[in-house]
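A.B. asks: Numbered according to this note's numbering, the sequence shown spans residues 49 to 427.
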Amino acid sequence: MPPTQPTTQTFRIAAIPGDGVGTEVVAAGREVLDAVAARSGGRIAFAWEEFDWGSDYYARTGEMMPADGLDQLKDFDALYFGAVGWPTVPDHVSLWGLRLKICQGFDQWANVRPVHFLPGVQSPLRKADSTDLDWVVVRENSEGEYAGLGGRNLAARGQGGEVAIQSALFTETGCERIMRFAFDLARTRPRKKVSSVTKSNAQQYGMVLWDDVFKRVAKDYPDVETESVLVDAMSAKFVLKPEDLSVVVASNLNADILSDLGSALAGSLGLAASANLNPERRYPSMFEPVHGSAPDIAGTGTCNPIGAIGSAALMLRHFGLEAEAGALERAIELTTASGALTADVGGSATTDDVTAAVIAHLGQDDADVETRQPTTATV
Ligand code: NAI
Ligand code: MG
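In structure tokens:
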């Protein structure tokens, strides 16, 4: 009898590299994912389609993406994004015209950003050497300070007297769903704790609603520890007492800022991975590094691809490919432990060197290298 062919599970992925180092790290991540598929013995495959949307596209067309862009993306299994933003286009135009349009249009309301410390990468945080640090920032990704509500108006004051209003939107539904997501995630982790980030002392409407919903939702999770911390105090806690953190849930702006702080503590912005999830799976979710387009180093071939490759691991887990996700995260740790590091983390390796090292380490196991607990059980 001829050997039976395994059925191939094919995942359709839209790649949107965007601008600057976005194009370099997405190319690296695609190479790694194709290597993961090649190692699967025909069990899995990735069908890629690339979209050239971004600041060059804007220069040609006057838009960051075509008017029917969301329609073109909606049937993919996932979106793999680089970064958007270039000095030739105002940042609010590029961000709103592409990334926020996708996140909000596809109701990707949960943005998961693990803060992961890698072996061989020196952290500016002294505690990182002696403590097993690992936490996840869960960012409300659909409303809050990035709801886009407000306007600019001269209001009859004339030139030089312009007025701008930028309002934040907090809904009970929006707060509740992100908090339940955070509690459910906490239950999958060794430390079952959720820290809510607030600023209800100064912001007496939106943030007080946020706090009220947190207290109400917490009652449904009596097995999960909770705390509520003001955002200014939380930024100090990230530095001084990070061992006390497990899942940190915060509004759109607060989590945006805190997750950059977290990735800097882990060693570099270039290391941080993220998933923009539509947990109901009505729309595709989007996986992207936390960093931006880094115009200062774009084109030099030296950017760190680990954030984008780590985001690819989160995508594999989202597809239910737990073993492949774990193997990829392990390969990342073996890579940094081996000293294959880009300049931002003190090394001299190129983007291609690090990518090749990750691929070489796929499926390898080295008991001498300490691994850390998995960060996100189900994203
Ligand atoms: P950035 O994240 O691009 O760069 C900040 C610093 O981190 C720079 O010194 C850069 O060289 C370094 N860096 C970033 N990624 C790196 C990597 N992979 N490897 C090594 N070093 C890395 O943030 P910045 O400079 O504030 O913004 C640049 C542009 O990116 C702006 O147009 C901004 O709007 C956009 N941006 C886009 C984001 C997105 O698409 N998700 C997120 C943040 C910024
Ligand atoms: Mg940010």
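Ideal placement from N, C-alpha and C gives every residue a C-beta, glycine not left out.
No experiment lies behind these values; they were computed from the predicted model shown.
1. Mapping the DSSP letters down to three states, classify residue 194 as helix, strand or coil.
2. So for residue 57, helix, strand or coil by DSSP?
3. Taking the alpha helix (DSSP H) that residue 393 belongs to, which residues open and close that run?
4. Return the first residue and the last residue of the alpha helix (DSSP H) that residue 259 is part of.
5. Kindly examine the ligand NAI and report whether one of its heavy atoms sits closer than 7 Å to the Cβ of residue 300.
6. Does the ligand NAI have a heavy atom nearer than 7 Å to the CB of residue 143?
7. Within the present structure, is the beta-carbon of residue 380 separated from the nearest heavy atom of the ligand NAI by less than 7 Å?
8. Answer yes if the stretch 185-193 comes into contact with the stretch 221-238, meaning at least three C-beta pairs across the two stretches below 8 Å, and no otherwise.
9. Go through its chain and collect everything with a Cβ distance to residue 231's Cβ below 7 Å, but skip five positions before and after it.
10. Compute the beta-carbon to beta-carbon distance between residue 351 and residue 163, rounded to the nearest angstrom, for a pair I have assumed lies under 8 Å.
11. Could you check how far apart the C-beta atoms of residue 318 and residue 355 are, in whole angstroms? I think they sit under 8 Å.
12. Would you kindly report the start and end of the unbroken beta strand (DSSP E) that includes residue 128?
13. What residue does the beta strand (DSSP E) around residue 182 start on, and which one ends it?
14. So, does the CB of residue 79 fall closer than 8 Å to a CB anywhere in chain C?
15. Got a sec? Which residues, its chain only, sit under 6 Å from residue 300 by beta carbon, not counting five neighbours each side?
16. If you reduce the DSSP assignment to three classes, tell me which class residue 388 lands in.
17. Quick check: the Cα distance between residue 56 and residue 227, rounded to an integer number of angstroms?
18. How long is the line joining the alpha carbons of residue 129 and residue 95, rounded to whole angstroms?
19. Using the Cα positions of residue 214 and residue 200, report the straight-line distance between them to the nearest angstrom.
20. Would you please state the rounded distance, in angstroms, between the beta carbons of residue 353 and residue 76? I believe it to be under 8 Å.
21. Just tell me which of 312, 344, 295, 363 has its CA closest to the CA of residue 324.
22. Using 8 Å as the threshold, is the C-beta distance between residue 184 and residue 233 below it?
23. Could you check the C-alpha separation between residue 146 and residue 156 for me, to the nearest Å?
24. Is the closest heavy atom of the ligand NAI to the C-beta of residue 329 under 7 Å?
25. Throw me the rounded Cβ distance for the residue 397 and residue 376 pair, which I believe falls under 8 Å.
26. If distances are taken between C-alpha atoms only, which option among 58, 98, 59, 70 comes closest to residue 338?
27. Under a Cβ-count criterion, where at least 16 other Cβ atoms within 10 Å of its own Cβ denotes burial, should residue 250 be classed as buried or exposed?
28. Looking at residue 186 and the ligand FMN, is the gap between the Cβ and the nearest heavy atom below 7 Å?
29. DSSP state of residue 231, grouped into three classes?
30. By Cβ distance, which residues of its chain are closer than 6 Å to residue 255, with the 5 residues on each side in sequence left out?
31. Closest by CA to residue 136, which one among 332, 102, 120?
32. Using the rule of at least 16 other Cβ atoms within 10 Å of the residue's Cβ for burial, across every protein chain shown, is residue 329 buried or exposed?
33. Going by DSSP, what residues sit across from residue 164 in a beta bridge?
34. For residue 421, which residues of its own chain have a beta-carbon under 7 Å away from its beta-carbon, when the five flanking residues on both sides are left out?
35. Using the rule of at least 16 other Cβ atoms within 10 Å of the residue's Cβ for burial, across every protein chain shown, is residue 15 buried or exposed?
C.D. replies: Working from what's here:
1. It is a strand residue.
2. DSSP places residue 57 in the strand class (E or B) of the three-state scheme.
3. Per DSSP, residue 393 is not a residue of any alpha helix (DSSP H), being assigned neither H nor E.
4. Note, residue 259: alpha helix (DSSP H), 254-266.
5. No, the ligand NAI has no heavy atom inside 7 Å of this Cβ.
6. Taking the Cβ of residue 143 as the reference point, at least one heavy atom of the ligand NAI falls within a distance shorter than 7 Å.
7. False, no ligand heavy atom lies under 7 Å from that Cβ.
8. Enough Cβ pairs lie closer than 8 Å, so yes.
9. So the qualifying residues of the chain are 242, 265, 269, 272.
10. Going by Cβ atoms, the distance from residue 351 to residue 163 rounds to 20 Å, so no, they are not a contact pair.
11. The beta-carbon separation of residue 318 and residue 355, rounded to 5 Å, stays under the 8 Å limit for a contact.
12. The continuous beta strand (DSSP E) containing residue 128 extends over residues 126-131.
13. Where residue 182 is concerned, the enclosing beta strand (DSSP E) stretches over 182-188.
14. Looking for chain C here will not work: only one protein chain is present.
15. If we look at residue 300 and ignore the five residues flanking it on each side, its Cβ neighbours are 188, 192, 193, 194.
16. Of the three classes helix, strand and coil, the one that applies to residue 388 here is coil, per DSSP.
17. So the alpha carbons of these two residues sit roughly 37 Å apart.
18. A straight-line Cα-Cα distance of about 15 Å links residue 129 and residue 95.
19. C-alpha separation (whole angstroms): 9 Å.
20. That pair is a contact at about 4 Å.
21. Closest option to residue 324, judged by alpha-carbon separation, among 312, 344, 295, 363: 363.
22. At a Cβ-Cβ threshold of 8 Å, residue 184 and residue 233 count as neighbours.
23. Taking the Cα positions, residue 146 is about 14 Å away from residue 156.
24. Look at residue 329: its beta carbon is at least 7 Å from all of the heavy atoms in the ligand NAI.
25. Here residue 397 is actually not in contact with residue 376; their C-beta atoms are around 18 Å apart, not less than 8 Å.
26. Comparing Cα positions, the closest option is 70.
27. By the neighbour-count rule (16 or more Cβ atoms within 10 Å), residue 250 is not buried but exposed.
28. With respect to the ligand FMN, the structure offers nothing, as its ligand set consists of the ligand NAI and the ligand MG.
29. For residue 231, the secondary structure class from DSSP, reduced to helix, strand or coil, is helix.
30. The answer, listed in chain order, is 246, 247, 248.
31. For the set 332, 102, 120, the Cα lying nearest the Cα of residue 136 is the one of 102.
32. By the neighbour-count definition (other C-beta atoms within 10 Å, threshold 16), residue 329 is an exposed residue.
33. DSSP links residue 164 through a beta bridge to 182.
34. Bear in mind that a pLDDT of 44 at residue 421, under 50, signals an unreliable position, so the number given afterwards is only what the model happens to contain. Only 182, 238 meet the Cβ criterion.
35. Because residue 15 is not part of the residues shown, which for the chain are 49 to 427, the question remains open.
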